[in-house]
Amino acid sequence: MVQSRASTLLPELVVGGLASAVFLVWAVDGGGAAPTSLYPGSLFLLGLLCVAAFAYSRDPGWRRPSRPLALACLLLVGFVAWNFLSVAWADVKGDAWLAANRTLTYLIAFALFALPAWRRTGAAIVLGGYALGVAAIAGGTLLHISASAEPELSFIGDALVDPTGYHNATAALFLAAFFPAVFLASRRELAWPLRGLLLAASGLLVELALIAQSRGSAIAFAVTCVLYLILVPGRLRAAIYLGLVALAVAPATPALLDIYTTLRDGGDAVAAIDQAARAVWLGCGALLVGGCLLALADRRLAVPQCLGAAADRGFAIVAVVAALIGLVIAANATGDPLEWAEARWTDFKSGYSEDDFGSSRFSGDLGSNRYDFWRVSWRQFTESPLTGAGSESFAVDYLQERRSDEEPKHPHSLPLRVLGQTGLVGGLLFAGFMLSAIYAALRRFPERDRLRRGLAVAALAMLAYWFVHSSGDWHWVFAGLTAPAFAALAIAARLGEEDAPEGAPTAEGGPDPVPSGDERARLVPWPALLAGSACLALAGAASYVLPLAAAGDVSAARSSWRADPQAAFDRLERARALDPLSAEADELAGTIAVELGEHKRAWAAFQAALERNPYSWFALLELGVLEARAGERKSALAHLERARELNPRDPLIAATLRDVRRGREADPAAVHDSLLERVCGRFGRTEATRFCN
Numbered sequence: 001m002v003q004s005r006a007s008t009l010l011p012e013l014v015v016g017g018l019a020s021a022v023f024l025v026w027a028v029d030g031g032g033a034a035p036t037s038l039y040p041g042s043l044f045l046l047g048l049l050c051v052a053a054f055a056y057s058r059d060p061g062w063r064r065p066s067r068p069l070a071l072a073c074l075l076l077v078g079f080v081a082w083n084f085l086s087v088a089w090a091d092v093k094g095d096a097w098l099a100a101n102r103t104l105t106y107l108i109a110f111a112l113f114a115l116p117a118w119r120r121t122g123a124a125i126v127l128g129g130y131a132l133g134v135a136a137i138a139g140g141t142l143l144h145i146s147a148s149a150e151p152e153l154s155f156i157g158d159a160l161v162d163p164t165g166y167h168n169a170t171a172a173l174f175l176a177a178f179f180p181a182v183f184l185a186s187r188r189e190l191a192w193p194l195r196g197l198l199l200a201a202s203g204l205l206v207e208l209a210l211i212a213q214s215r216g217s218a219i220a221f222a223v224t225c226v227l228y229l230i231l232v233p234g235r236l237r238a239a240i241y242l243g244l245v246a247l248a249v250a251p252a253t254p255a256l257l258d259i260y261t262t263l264r265d266g267g268d269a270v271a272a273i274d275q276a277a278r279a280v281w282l283g284c285g286a287l288l289v290g291g292c293l294l295a296l297a298d299r300r301l302a303v304p305q306c307l308g309a310a311a312d313r314g315f316a317i318v319a320v321v322a323a324l325i326g327l328v329i330a331a332n333a334t335g336d337p338l339e340w341a342e343a344r345w346t347d348f349k350s351g352y353s354e355d356d357f358g359s360s361r362f363s364g365d366l367g368s369n370r371y372d373f374w375r376v377s378w379r380q381f382t383e384s385p386l387t388g389a390g391s392e393s394f395a396v397d398y399l400q401e402r403r404s405d406e407e408p409k410h411p412h413s414l415p416l417r418v419l420g421q422t423g424l425v426g427g428l429l430f431a432g433f434m435l436s437a438i439y440a441a442l443r444r445f446p447e448r449d450r451l452r453r454g455l456a457v458a459a460l461a462m463l464a465y466w467f468v469h470s471s472g473d474w475h476w477v478f479a480g481l482t483a484p485a486f487a488a489l490a491i492a493a494r495l496g497e498e499d500a501p502e503g504a505p506t507a508e509g510g511p512d513p514v515p516s517g518d519e520r521a522r523l524v525p526w527p528a529l530l531a532g533s534a535c536l537a538l539a540g541a542a543s544y545v546l547p548l549a550a551a552g553d554v555s556a557a558r559s560s561w562r563a564d565p566q567a568a569f570d571r572l573e574r575a576r577a578l579d580p581l582s583a584e585a586d587e588l589a590g591t592i593a594v595e596l597g598e599h600k601r602a603w604a605a606f607q608a609a610l611e612r613n614p615y616s617w618f619a620l621l622e623l624g625v626l627e628a629r630a631g632e633r634k635s636a637l638a639h640l641e642r643a644r645e646l647n648p649r650d651p652l653i654a655a656t657l658r659d660v661r662r663g664r665e666a667d668p669a670a671v672h673d674s675l676l677e678r679v680c681g682r683f684g685r686t687e688a689t690r691f692c693n
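Residue 55 in my numbering is what sits at position 55 of the sequence shown, and the numbering runs on without skipping anything.
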């Protein structure tokens with residue numbers, strides 16, 4: 001019987017385990033944002049999907065997805081197709097192709113996890129395994145910065161960015177995985193050593209997220225915890241385990257936040273990180289021991305179901321009363337609520353600088369440049385409400401209209417990204433997908449199986465955290481964050497469908513019969529279906545392989561051009577042929593040529609870049625400088641004025657244009673030095689910018 005159960009679970013564990021491994025690889029490889037990280041994992045998932053789809057569809061016992069889930073898949077397919085279509089009207093077509101490929105990856109991840117009808121054991125293993133994997137990454141990150149002689153290389157703006165390269169994404173990676181970890185730690189169905197380990201992992205994830213100093217993560221985490229407690233079965237049990245984590249994290253918090261002030265003030269970073277690491281491991285050890293002891297006691301304590309239900313209701317009442325008291329206290333402390341809200345809104349619109357923060361990024365006002373980002377993104381939507389500006393078309397418009405000195409590529413809001421870049425069509429498709437999939441998950445909530453319902457809540461909590469945090473950030477770009485969220489949604493939507501009896505009523509009220517193997521063979525036109533699926537799979541593979549090969553050549557050229565310049569130029573020429581939409585290879589070729597003093601080659605490369613991306617202010621600036629140096633003043637001024645139109649707040653463009661107008665000699669190398677100084681001033685010295693002093 002054990003062997004039969006293991007063989008029954010094997011397909012979903014293979015699918016979930018292999019895909020989760022890809023998610024974890026993405027997490028440690030810059031969050032899966034770069035093409036060289038995104039595309040290999042996407043190709044693997046595509047191949048896995050093809051194999052799994054064929055195997056499941058030929059299995060007579062396979063239960064088809066519910067109608068709401070099938071509708072969600074179709075809507076997501078439409079959203080992906082619309083993103084690819086938007087390449088036609090996007091400003092920078094190379095960036096738009098990358099963005100469309102990214103949406104295809106998320107479709108593959110969702111479809112892959114929507115194939116199995118998840119049993120609660122399989123879902124618990126996959127969700128728990130993923131959470132432990134992320135906790136292992138968190139622990140490895142802490143060990144790395146503790147052992148490093150230059151720990152500041154893992155920080156930008158004095159906030160932890162490893163392993164994703166962006167402090168908000170790092171916090172999101174750890175906190176999204178917290179919910180399945182803490183839920184499973186609270187369940188008596190698990191072995192006591194595993195429950196202790198999961199509780200310790202929960203604490204580790206929260207503590208590492210604090211080092212990332214993400215204000216958005218604090219808001220998203222609080223909102224998700226509330227939703228989790230509202231939906232999870234056994235609220236009192238869940239609250240106890242959340243409280244245990246809070247009790248372990250609280251003593252370590254001062255040491256964790258002290259890393260920020262130490263780095264900011266130029267103190268002894270190694271000592272501060274060592275102190276924080278000791279506090280983290282002490283807290284994790286306490287949770288491990290306490291979790292194991294509590295689990296052993298929990299196994300021997302039998303609480304009548306009626307008493308447990310009464311305790312849950314009592315906890316809910318106490319929580320509501322406490323929340324109301326808290327609101328009253330907060331209202332008295334803030335004075336007039338309308339004035340307080342108006343002041344906070346003014347803070348939010350006012351922008352910020354690093355000097356606005358106090359002892360941590362969690363202190364200070366709500367100042368941010370996001371209001372300016374969102375203003376431009378909303379304007380994109382109002383100007384093209386039906387189609388949007390095209391995938392990944394935010395940066396061009398923002399540089400022309402910005403009121404801040406930042407140069408973001410993304411609008412820092414998922415809803416505004418979808419509306420601004422894909423319009424009402426894309427917005428309705430994406431919203432329909434989300435709502436249909438969530439409905440498919442929620443419709444099974446009345447079930448009495450508390451473990452199954454709790455697993456669905458934990459999976460939905462991962463999605464909820466990702467969505468809330470992404471509503472104020474650009475986590476969509478990180479495949480290591482978004483793909484697991486989509487996978488968790490699919491698990492929640494499919495959880496328990498395998499156990500539903502054939503012909504059982506669906507949410508629509510009618511029977512949902514499962515055809516036999518012979519009936520399915522007659523109903524499904526397999527030759528046409530296989531031929532169509534093969535064509536789509538090949539098209540998807542080609543859409544990944546070509547830019548992947550190009551990105552590999554660009555990366556190799558960037559790292560090796562000093563040793564062998566001609567080989568680098570050859571690689572870049574091959575890259576531009578493989579990716580016919582991107583100007584990156586031409587811009588890099590021009591940059592290398594300038595460094596080598598080959599100005600004619602540089603001029604030709606930047607001209608080629610402009611043919612593919614006429615909005616490249618960088619190529620226009622370089623052309624203007626090269627032409628001014630060659631004595632072609634009229635052409636130089638035309639290119640520099642166009643660069644200023646595209647990026648009017650850039651001080652380097654303004655200074656260069658002023659010098660050329662005054663007849664001063666322009667130096668391409670000096671322009672490059674200025675751009676490097678800007679990068680170093682913005683990011684400091686990190687693993688990716690070791691050249692900064």
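All C-beta atoms in this analysis are idealised placements derived from N, C-alpha and C, irrespective of residue type, glycine included. Owing to the predicted nature of the structure, the values given are computational and were not obtained by experimental measurement.
Within 10 angstroms of its Cβ, does Lys409 collect 16 or more other Cβ (buried), or is it exposed?
Position 409 of the sequence shown, counted from the start, is the residue given in the question as residue 409. Exposed: under 16 other Cβ atoms inside 10 Å.
Return helix, strand or coil for Ala159, following the three-state DSSP convention.
As a working mapping, residue 159 is identified with position 159 in the sequence shown. Of the three classes helix, strand and coil, the one that applies to Ala159 here is strand, per DSSP.
Compare the beta carbon distance of Phe155 and Leu257 with 9 Å and say whether it is the shorter of the two.
As a position in the sequence shown, residue 155 is number 155, starting the count at 1. As a position in the sequence shown, residue 257 is number 257, starting the count at 1. No, the Cβ-Cβ distance between Phe155 and Leu257 is not below 9 Å.
How is the alpha helix (DSSP H) around Leu198 delimited, first residue to last?
If you number the sequence shown from 1, residue 198 lands on position 198. Unbroken alpha helix (DSSP H) run through Leu198: Trp192 to Ile211.
Tell whether a beta-carbon distance below 9 Å holds between Leu204 and Cys284.
Here residue 204 is taken as the residue at index 204 of the sequence shown, counted from 1. Here residue 284 is taken as the residue at index 284 of the sequence shown, counted from 1. Cβ distance < 9 Å, so Leu204 and Cys284 count as in contact.
Along the chain, where does the alpha helix (DSSP H) containing Ala222 start, and where does it finish?
Numbered from 1 along the sequence shown, position 222 holds the residue referred to as residue 222. Where Ala222 is concerned, the enclosing alpha helix (DSSP H) stretches over Arg215 to Leu231.
Using C-beta distances below 7 Å, list every residue in its chain close to Leu75, excluding the 5 sequence neighbours before and after it, in chain order.
As a position in the sequence shown, residue 75 is number 75, starting the count at 1. So the qualifying residues of the chain are Leu429, Gly432, Phe433 and Ser436.
With a 10 Å radius around its C-beta and 16 neighbouring C-beta atoms as the bar for buried, classify Leu301 as buried or exposed.
Position 301 of the sequence shown, counting from 1, holds the residue named residue 301. The residue is exposed, with fewer than 16 neighbouring Cβ atoms inside 10 Å.
Would you tell me roughly how many angstroms separate the C-alpha atoms of Ala568 and Arg444, rounded to the nearest one?
Working through the sequence shown from its first residue, we reach residue 568 at position 568. Working through the sequence shown from its first residue, we reach residue 444 at position 444. Spanning the two alpha carbons is a distance of roughly 57 Å.
Mind checking Cys535: buried by the 16 CB within 10 Å criterion, or exposed?
Here residue 535 is taken as the residue at index 535 of the sequence shown, counted from 1. Counting Cβ neighbours within 10 Å, Cys535 comes out exposed, since fewer than 16 surround it.
Determine the DSSP secondary structure at Leu495, reduced to helix, strand or coil.
Translated into the one-based positions of the sequence shown, residue 495 becomes position 495. Three-state DSSP puts Leu495 in coil, outside helix and strand.
Tell me whether His412 sits in a helix, a strand or coil according to DSSP, three-state version.
As a first step, residue 412 must be located in the sequence shown, where it is residue number 412. Reduced to three states, the DSSP call for His412 is coil.
Give me the residue from Ala33, Phe113, Trp62 and Ala248 with the minimum Cα distance to Leu48.
Mapped onto the sequence shown, residue 48 falls at position 48. The candidate whose alpha carbon is nearest that of Leu48 is Phe113.
Run the CB neighbour count on Pro151, radius 10 Å, all protein chains shown included, and call it buried at 16 or more, exposed below.
For the purposes of this step, residue 151 is taken as the residue at position 151 of the sequence shown. Looking at its Cβ environment, which holds 16 or more other Cβ atoms inside 10 Å, Pro151 is buried.
Using 10 angstroms around the beta-carbon of Ser694, count the other beta-carbons present and answer buried if the total reaches 16, otherwise exposed.
This structure cannot speak to residue 694, because the chain is shown only from 1 to 693.
Ends of the alpha helix (DSSP H) at Glu622?
Residue numbering aside, residue 622 sits at position 622 when the sequence shown is read from its first letter. Trp617 to Arg629 is the extent of the alpha helix (DSSP H) around Glu622.
Could you check if Phe79 is buried or exposed, using at least 16 other CB atoms within 10 Å of its CB as the buried criterion?
As a working mapping, residue 79 is identified with position 79 in the sequence shown. By the neighbour-count rule (16 or more Cβ atoms within 10 Å), Phe79 is buried.
Ignoring anything shorter than 4 residues, give me the alpha helix (DSSP H) runs that lie fully in the segment 550 to 606, in order along the chain.
Fully enclosed alpha helix (DSSP H) runs of 4 or longer: 565 to 578 and 584 to 596.
Taking the alpha helix (DSSP H) that Phe178 belongs to, which residues open and close that run?
As a first step, residue 178 must be located in the sequence shown, where it is residue number 178. Element bounds for Phe178: His167 to Ala185.
For Arg450, which of helix, strand or coil comes out of DSSP?
In the sequence shown, counting from the first residue as 1, residue 450 sits at position 450. Helix at Arg450.
For a test of the three-state rule: what should DSSP assign to Asn613, helix, strand or coil?
Against the sequence shown, residue 613 aligns to sequence position 613. Here Asn613 sits in coil by DSSP.
Would you call the CB atoms of Leu199 and Gly140 closer than 9 Å?
Residue 199 sits at position 199 when you count from the first residue of the sequence shown. Residue 140 sits at position 140 when you count from the first residue of the sequence shown. No, these two residues do not count as a Cβ contact at 9 Å.
Looking only at its own chain, which residues have a Cβ that is under 8 Å from the Cβ of Phe362, when we skip the five neighbours before and after it?
Within the sequence shown, residue 362 is the residue found at index 362, counting from 1. Same-chain partners within the cutoff: Gln213, Arg215, Ala218 and Leu257.
With burial defined as no fewer than 16 other Cβ atoms inside 10 Å of the residue's Cβ, what is the status of Arg644: buried or exposed?
Position 644 of the sequence shown, counted from the first residue, corresponds to residue 644. Result: buried.
Alpha carbon to alpha carbon, how far is Ala109 from Ala487? Give it in angstroms, no decimals.
Residue numbering aside, residue 487 sits at position 487 when the sequence shown is read from its first letter. Residue numbering aside, residue 109 sits at position 109 when the sequence shown is read from its first letter. Using only the alpha carbons, I get a separation of about 6 Å.
So, with DSSP's three-state summary, where would you put Pro547?
By one-based count along the sequence shown, residue 547 stands at place 547. In this structure, Pro547 counts as helix in the three-state DSSP scheme.
Write down the C-beta distance between Ala52 and Val15 rounded to the nearest angstrom, noting that I regard them as a contact closer than 8 Å.
Taking the sequence shown and counting its residues from 1, the one referred to as residue 52 is at position 52. Taking the sequence shown and counting its residues from 1, the one referred to as residue 15 is at position 15. Between Val15 and Ala52 the Cβ distance is about 5 Å, and since that is below 8 Å, they are a contact.
Buried or exposed, going by whether 16 or more other CB atoms sit within 10 Å of the CB of Ser20?
Taking the first residue of the sequence shown as position 1, residue 20 is located at position 20. Buried, since its Cβ has 16 or more Cβ neighbours within 10 Å.
How should Phe54 be labelled, buried or exposed, when 16 other C-beta atoms within 10 angstroms of its C-beta is the threshold for buried?
Working through the sequence shown from its first residue, we reach residue 54 at position 54. Exposed: under 16 other Cβ atoms inside 10 Å.
Can you have a look at Ile230 and say buried or exposed, based on whether 16 or more other CB atoms are within 10 angstroms of its CB?
Locating residue 230 in the sequence shown gives position 230, where the first residue counts as 1. The residue is exposed, with fewer than 16 neighbouring Cβ atoms inside 10 Å.
State the DSSP-derived secondary structure class of Asn647, mapped to helix, strand or coil.
Reading the sequence shown from its first residue, position 647 is the one you call residue 647. Residue state, collapsed to three classes: coil.
For a minimum of 4 consecutive residues, which ranges assigned as the alpha helix (DSSP H) are wholly contained in the segment 77 to 127?
As far as the segment 77 to 127 is concerned, its whole alpha helix (DSSP H) runs of at least 4 residues are 93 to 114.
Using beta-carbon positions only, say whether Ala602 and Gly590 come within less than 9 Å of one another.
What you label residue 602 is simply residue 602 of the sequence shown in a count that begins at 1. What you label residue 590 is simply residue 590 of the sequence shown in a count that begins at 1. Yes, these two residues count as a Cβ contact at 9 Å.
For the alpha helix (DSSP H) holding Ala33, just list the boundary residues, first then last.
By 1-based counting over the sequence shown, the position of residue 33 is 33. Note, Ala33: premise wrong, no alpha helix (DSSP H); not H, not E.
For Gly503, does the three-state DSSP call read helix, strand or coil?
In the sequence shown, the residue the question calls residue 503 occupies position 503. Note that Gly503 scores 44 on pLDDT, short of 50, meaning its location in the model is unreliable; the coordinates nonetheless yield the value given after this. Gly503: coil per DSSP, three-state reduction.
Do Phe183 and Val468 have their CB atoms nearer than 9 Å?
As a position in the sequence shown, residue 183 is number 183, starting the count at 1. As a position in the sequence shown, residue 468 is number 468, starting the count at 1. Not closer than 9 Å, so no.
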